[in-house]
Amino acid sequence: MHELSIVASVLDQLEEIRKQQPAGARFTKVGLRVGELAGLDVDCLRFGYECSVKDTPWETMALEIEEVPRRQRCPKCANEFRAANWATQCPQCGETETELIAGEELQIAFVEVDE
Ligand SMILES: [Zn+2]
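In this text, residue positions in the sequence shown follow our numbering: the first is 94, and each later residue adds one.
Here it is, written out as structure tokens:
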């Protein structure tokens, strides 16, 4: 399952963040930004997360997922728009060659730490 390796890499990054925190700091929540083009199933991601943190020090940390919709920018009129159903044509001027500006992200958005 692809999502499990994603979770593993997120936990690796959290481990690095944890090293910079005072001893005894407890992570209570992690927020992930997941673009709709990242190719991840959010339910699988949640399930993979639960399996991965079970019986580990991360077990008490909640997961919050922010889904980021696909957005495009038009080079002609600078319009930014939500590209629903893979329609990437600019709704304002009709330009077909628009540029992807959001929707591919997969990153840690925030971490909440209880000191
Ligand atoms: Zn346009």
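Ideal Cβ placement from N, Cα and C applies to all residues, glycine included. Quick caveat: nothing in here was measured; it's all calculated off a predicted structure.
Which whole runs of the beta strand (DSSP E) in the segment 151 to 178 are 3 residues long or more, in chain order? 155 to 161, 164 to 166 and 173 to 175
Say the cut is 7 Å; is the CB of GLU192 nearer than that to a heavy atom of ligand 1? Along the sequence shown, read from residue 1 onward, the residue named residue 192 stands at position 99. False, no ligand heavy atom lies under 7 Å from that Cβ.
Any heavy atom of ligand 1 inside 7 Å of the beta-carbon of ASN178? Here residue 178 is taken as the residue at index 85 of the sequence shown, counted from 1. The answer is no for ASN178.
Taking C-beta to C-beta, are ILE201 and LEU138 nearer than 8 Å? On the sequence shown, position 108 is the one that residue 201 refers to. On the sequence shown, position 45 is the one that residue 138 refers to. Contact: no.
On the CB-based measure, 16 or more other CB atoms within 10 Å of its CB, does GLU179 come out buried or exposed? Here residue 179 refers to the residue found at position 86 of the sequence shown. Going by the sequence as given, residue 179 is Trp instead of Glu. Classification of TRP179: exposed, given that the 10 Å Cβ count is below 16.
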